[in-house]
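Notes to accompany the following structure.
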């Protein structure tokens, strides 16, 4: 089980960093800091970082994700939010002999009137190839996409007393209802929130939110060193958890404040 998401990191305001990773366009020159966008895949079981890519701030999460799909291994199941729920991405993940569980993108209409209905809030639907080449794909990549794909659509409701009821729609390539029951997929997606905690530990506990290196090449090295330290801690947590029969994600994170010159 893998989980994917994107985040940002800032760095010193040097000419080299500003050229490679410009500050937000809404900020006046001299009033902001260079910011890089990162995409990360984590293991849902161990919490370890599996893959990383780095780009400029205005890069969409889905563009980062397409650089990371090659790190998936056959039979992996990838969890992600609605930003990754696109036709081309479902096709790319299945080509790697992997599966996906994404929240349904808000641009797609929701209805239970079409598709092969399995049961309550569970059905198979056919997605047709987009009529126009979407942003982020070139014409050759678009032309190789199949004319249609079959995905599974699942709905469930979050009801909290005192709050408006919220309906969550999931799209997955796990089509077999007997092997992958609806409630297990819902529970699996519920664990997607773990990546928010993983990123928080990387950026807040370890201090990766504000980098210190003054050149782009050293910034990239600094990010990789942070992930190396993070994975070493995860390795220790996994060893401790398996030794004492405790879920590794329930263990306290060690405070670690690396210093780079």
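In our numbering, the protein residues as written are 23 to 283. Don't be surprised by glycine CBs; every beta carbon is placed ideally from N, CA and C.
- Annotated three-state conformation of residue 48 is coil, per DSSP.
- Runs of the alpha helix (DSSP H) lying entirely within the segment 145-186 and spanning at least 4 residues, in chain order: 161-165.
- Judged by beta-carbon spacing, residue 194 lies within the 8 Å limit of residue 121, meaning their Cβ atoms are closer than that value.
- CA-CA distance, residue 67 to residue 98, rounds to 12 Å.
- Residue 73 places its beta carbon 8 Å or farther from that of residue 101.
- From the listed residues 182, 176, 83, the smallest Cα separation to residue 126 is found for 176.
- Residue state for residue 125 is assigned as strand, using DSSP reduced to three classes.
- Within the same chain, 33, 56, 57, 58, 78, 79, 238, 241 come within 8 Å of residue 43 by CB-CB distance, once the 5 residues on both sides are set aside.
- In this structure, DSSP gives residue 226 a helical state, which the three-state scheme calls helix.
- Taking every protein chain shown into account, the CB of residue 60 has 16 or more other CB atoms within 10 angstroms, so this residue is buried.
- An exposed status is given to residue 267, since fewer than 16 other beta-carbon atoms sit within 10 Å of its beta-carbon.
- Residue 115 sits buried, since 16 or more C-beta atoms from the chains shown fall within 10 Å of its C-beta.
- Here residue 70 is actually not in contact with residue 234; their C-beta atoms are around 24 Å apart, not less than 8 Å.
- Per the DSSP secondary-structure output, residue 101 pairs in a beta bridge with 25, 123.
- About 6 Å separates the beta carbon of residue 211 from that of residue 192, a gap short enough to meet the 8 Å contact definition.
- When rounded, the separation of the alpha-carbon atoms in residue 253 and residue 153 is 43 Å.
- When rounded, the separation of the alpha-carbon atoms in residue 167 and residue 226 is 40 Å.
- Secondary structure of residue 250 (DSSP, three-state): helix.
- Beta-bridge analysis with DSSP links residue 189 to 179.
- The beta carbons of residue 230 and residue 248 sit closer together than 8 Å.
- In the DSSP secondary-structure assignment, residue 62 is bridged to 27, 74.
- Taken through DSSP and simplified to helix, strand or coil, residue 143 comes out as coil.
- Cβ-Cβ distances below 7 Å link residue 81 to 59 in the same chain, with the five nearest sequence neighbours on each side left out; the list follows chain order.
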